[in-house]
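Each residue of the sequence shown is one higher than the last, beginning at 1 in UniProt numbering. We put the CB at the ideal spot given by N, CA and C, even for glycine. What follows is a set of notes on a single structure, which appears directly below.
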Amino acid sequence: MVDNDGPVRLTPSMIPNFNNFDVKDSSFFRQWRELPSPKEVKAQAEYQHRAGVGPDPRTDYSIPIPYVRPPPVVFEDMGLLIKWGRYVGISEALVLLALGRFLEGHVPVPEVYGWRTDGDEIFIYMEYVGTSHYVGSRFRELHGLFRDTGHVTMAI
């Protein structure tokens, strides 16, 4: 969707304006009928908390519940990562969706499958690629570019 001859145009009519949304043309819905419900996500979060596991092996997931900023939930068999909580916004999903659609092949972005609103919590459903795919390979690439400066900072 990138126009190499000019700027990328994003109009308001191209942006979904819903509290709950499924990206039905995403790869997720070719294999699965529906996204896990917020209740299922919270149950998986509880399981991951008790097991002390999560998507990033460098992080301690044994902090007490309720979370102020809960860690992402992974449904590995579905290739699914859910970022959720009171401080997550639908705008985050929209940015990832736009970047993925309009800069496809130019910027590595996890595919967004949809989002849900449950009270004051937002759930963003996206592609789970594991830490080695984006973090590891991208960090090595960036580190090679910036190692001469002695400063490497990366936001994940």
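- Task: Put Y125 into one of helix, strand or coil per three-state DSSP.
- Result: strand
- Message: Using only the alpha-carbon positions, how far apart do S132 and L96 sit?
- Response: With a pLDDT of 49 at S132, under the threshold of 50, the modelled position of this residue cannot be trusted; read the value that follows with caution. Taking the straight line from one Cα to the other gives about 19 angstroms.
- Compute the Euclidean distance between the alpha carbons of L80 and N17, then round it to the nearest angstrom. 23 angstroms
- Message: Residues in the same chain with beta-carbon distance under 7 angstroms from F21, minus the five sequence neighbours each way, listed in chain order, please.
- Response: G114 and W115
- Task: Would you kindly report the start and end of the unbroken alpha helix (DSSP H) that includes K42?
- Result: P38 to A51
- Item | CA-to-CA distance, V88 to A51, given in whole angstroms | 24 angstroms
- Query: Using CA coordinates, which residue listed in D118, E92 and D120 is at the minimum distance from V109?
  - Reply: E92
- Can you tell me where the alpha helix (DSSP H) with G119 in it begins and where it stops? Looking at the DSSP string, G119 is not in any alpha helix (DSSP H), and its letter there is neither H nor E.
- Examine the Cβ distances between the region 116-128 and the region 27-40 and report whether three or more of them are shorter than 8 angstroms. yes
- Message: Run through the DSSP bridge pairs and tell me what L80 is partnered with.
- Response: F75 and E127
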